[in-house]
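To convert, count from 1 in the sequence shown and add 128; that's the numbering used here. The structure appears below as structure tokens.
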Amino acid sequence: MKEDLRLENPWELILSRPYLNDMALVYKDPQKRYVWSEALFEGGNTLRLWNEAAELKVALLAACALKNGQRILLTGKFCLESGLFSAVNSLLEPGGDLPVNEIYPKVLESLRLSGKLQWDFNYFDSLPEGSIDRVILFNAASHVKDWQACARKIHRVLQDNGRVIIAEAPWGGKELLRAARLDGHLYGILILALAGMGLKEADLPQTGPDDLRHIFTPLLRWNRTFLWEGLYLFYGEKGTKKNNAFFRFPVATKEVQAFLLEKQHQSPWDFLSDLEIAAIGAELTDINAQKTLGRVASFGPGLDWTYLKYQNIVKLMYENLKAAPGSRVLVIGEVLEGLGFLRSLREIIGETGEIASHEISLIHLAIFKRLWQGEKIPIENRHQYEYTFADKYPDNYFDLVWLPQGVHHARSWEETAPRLLRVLKPGGQIMMIESRMSNTDFFTAVNISGLMRCMAEKLWWSEGVTFEEMPDCPPEKLAGTFGDSLTETFWLDTGGWLVFWGYKK
């Protein structure tokens, strides 16, 4: 298969990995891939994010400025299960009117029949002009095909001094793509989820609060926006009379309190909605199936996909790799054959060269299989271990010590660096390349997009670790462990990648 096709569909990489055969077998069925990709992308994520956004929910209710007797039109996803309907309705009684358009079934229908997340919003077409006090769109903005047309329809049905309130946890958004592109592993997770649903990045909705402000400004007397981790609130008021923008903080009815309450959870799957379970399948609630998805997605496409995607960084490493015909090379890393490291090295050093290779992938896969079977393994022993690989070789034996994807599993670089230096000849090169985990770019990304964070946490949770517990070795720390033993050192730290090299004095 061509590399560009594998980049578009990381599931092909998962299904080609022999060591994942048992776990990945279920995903050979395209329908299973679809269901679980959808679950990764959305399953419970929208409700979870709104659960965390108490301040934004307060602002949402306050922006509505609700009072008894108003007529409200509520359209969106999870309007009932989120508690928004009950909260709004409690502020209208008696005499209010609150019809609801629940669009989640329409989202799935559109996605499955046409591969589209957006459609023409005709929910306002049959309403009389000036008949609505408040139009509330809750998790609906991502699904509007033509916002210019939709904005005009909303303006038509609003009465003078009526308001539009748009509260969105986007199925897409600029923040999601920006976050994913900051880190190779996160990018791979997003592409995996999209590919399983038959989508590409270009299919994701991109409308954000700034776009809405641009569209609605000619139609409204005033408008405001708020943004948090990709979630946003846009609201504004129609009218010709001069009237200052105002909030009306909601009465603390029991329904309002329930809507604002932040519920505790044990897993990133705890907010699966009844609508999702009914539409996608009860298997979504199977904790073992949830963990299988996370583990396959973690150990499947990650490195295969990132090394294909970021060929410019890989090329930089190869262009500066000091291997030659006849070289003796110590290699420590992950997926050495699968990622082509050993094949490329053999082509360079030829039959007269010597390769001492140490594949570490199976070491931590074996550790995690024990963990998944219920064995208690301390956090510090799950991802890292002592690097004794060089200990059996003589001093000054190798021309090159190469660690392709072999950095963050070393328990202590203060101990590992001298071990590697001992077996490296004076003038010999040490070279490292790493698609890092939980680096600075990673944490920036998961703080930019709540949706990206929710997807990633489903993978990390399946491994029994948090983001903060994943090991990482920044390049400046790595360089410090070698002290003044190296000359002409170089390092690159970008997009979640590390490239480091230097020469033994």
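A virtual CB, placed ideally from N, CA and C, is assigned to each residue, including glycine.
When we look at the beta-carbon of residue i and count the other beta-carbons within 10 Å, is it buried (16 or more) or exposed?
{"i": "residue 482", "result": "exposed"}
{"i": "residue 317", "result": "buried"}
{"i": "residue 498", "result": "exposed"}
{"i": "residue 357", "result": "buried"}
{"i": "residue 248", "result": "exposed"}
{"i": "residue 632", "result": "buried"}
{"i": "residue 283", "result": "buried"}
{"i": "residue 622", "result": "exposed"}
{"i": "residue 626", "result": "buried"}
{"i": "residue 76", "result": "The chain is shown only over 129 to 633; residue 76 falls outside these bounds and no answer can be derived."}
{"i": "residue 130", "result": "Interpretation of residue 130 is limited by its pLDDT of 46, a score under 50 that renders its predicted location unreliable; no figure is taken from the coordinates."}
{"i": "residue 241", "result": "exposed"}
{"i": "residue 532", "result": "buried"}
{"i": "residue 350", "result": "exposed"}
{"i": "residue 593", "result": "buried"}
{"i": "residue 286", "result": "buried"}
{"i": "residue 432", "result": "buried"}
{"i": "residue 418", "result": "buried"}
{"i": "residue 246", "result": "buried"}
{"i": "residue 391", "result": "exposed"}
{"i": "residue 368", "result": "exposed"}
{"i": "residue 624", "result": "buried"}
{"i": "residue 505", "result": "exposed"}
{"i": "residue 591", "result": "buried"}
{"i": "residue 430", "result": "buried"}
{"i": "residue 161", "result": "buried"}
{"i": "residue 536", "result": "buried"}
{"i": "residue 399", "result": "buried"}
{"i": "residue 554", "result": "exposed"}
{"i": "residue 618", "result": "exposed"}
{"i": "residue 243", "result": "exposed"}
Return yes when the Cβ of residue j is within less than 8 Å of the Cβ of residue i, no when it is not.
{"i": "residue 630", "j": "residue 561", "result": "no"}
{"i": "residue 545", "j": "residue 610", "result": "yes"}
{"i": "residue 359", "j": "residue 321", "result": "no"}
{"i": "residue 293", "j": "residue 262", "result": "yes"}
{"i": "residue 580", "j": "residue 307", "result": "yes"}
{"i": "residue 313", "j": "residue 434", "result": "yes"}
{"i": "residue 528", "j": "residue 455", "result": "yes"}
{"i": "residue 569", "j": "residue 225", "result": "no"}
{"i": "residue 220", "j": "residue 188", "result": "no"}
{"i": "residue 460", "j": "residue 486", "result": "yes"}
{"i": "residue 204", "j": "residue 265", "result": "yes"}
{"i": "residue 401", "j": "residue 589", "result": "no"}
{"i": "residue 380", "j": "residue 211", "result": "no"}
{"i": "residue 323", "j": "residue 158", "result": "no"}
{"i": "residue 215", "j": "residue 383", "result": "yes"}
{"i": "residue 334", "j": "residue 364", "result": "no"}
{"i": "residue 255", "j": "residue 228", "result": "no"}
{"i": "residue 518", "j": "residue 458", "result": "yes"}
{"i": "residue 151", "j": "residue 423", "result": "yes"}
{"i": "residue 451", "j": "residue 488", "result": "no"}
{"i": "residue 534", "j": "residue 462", "result": "yes"}
{"i": "residue 603", "j": "residue 628", "result": "yes"}
{"i": "residue 239", "j": "residue 325", "result": "yes"}
{"i": "residue 328", "j": "residue 136", "result": "yes"}
{"i": "residue 469", "j": "residue 190", "result": "no"}
Hey, residue i and residue j are a contact pair by Cβ (cut 8 Å); roughly how many whole angstroms apart?
{"i": "residue 143", "j": "residue 156", "result": "6 Å"}
{"i": "residue 577", "j": "residue 304", "result": "5 Å"}
{"i": "residue 253", "j": "residue 234", "result": "At roughly 15 Å, the Cβ-Cβ gap does not stay under 8 Å, so residue 253 and residue 234 are not in contact."}
{"i": "residue 260", "j": "residue 352", "result": "Not a contact, Cβ separation roughly 20 Å."}
{"i": "residue 362", "j": "residue 341", "result": "7 Å"}
{"i": "residue 279", "j": "residue 343", "result": "5 Å"}
{"i": "residue 267", "j": "residue 206", "result": "6 Å"}
{"i": "residue 403", "j": "residue 180", "result": "Not confirmed; about 20 Å, so no contact."}
Going by DSSP, name the residue or residues bridged to residue i.
{"i": "residue 509", "result": "Per DSSP, none; premise fails for residue 509."}
{"i": "residue 263", "result": "201 and 292"}
{"i": "residue 619", "result": "628"}
{"i": "residue 225", "result": "199"}
{"i": "residue 526", "result": "552"}
{"i": "residue 230", "result": "204"}
{"i": "residue 588", "result": "According to DSSP, which records beta bridges pairwise, residue 588 is partnered with nothing at all."}
{"i": "residue 247", "result": "272"}
{"i": "residue 614", "result": "632"}
{"i": "residue 286", "result": "260"}
Minimum length 3: unbroken beta strand (DSSP E) runs contained in the region 422 to 507: 456 to 461 and 482 to 487
Runs of beta strand (DSSP E) wholly within the region 531 to 581 (minimum 3 residues, chain order): 552 to 563
Segments assigned alpha helix (DSSP H), at least 4 residues, entirely inside the region 331 to 395: 337 to 344 and 382 to 388
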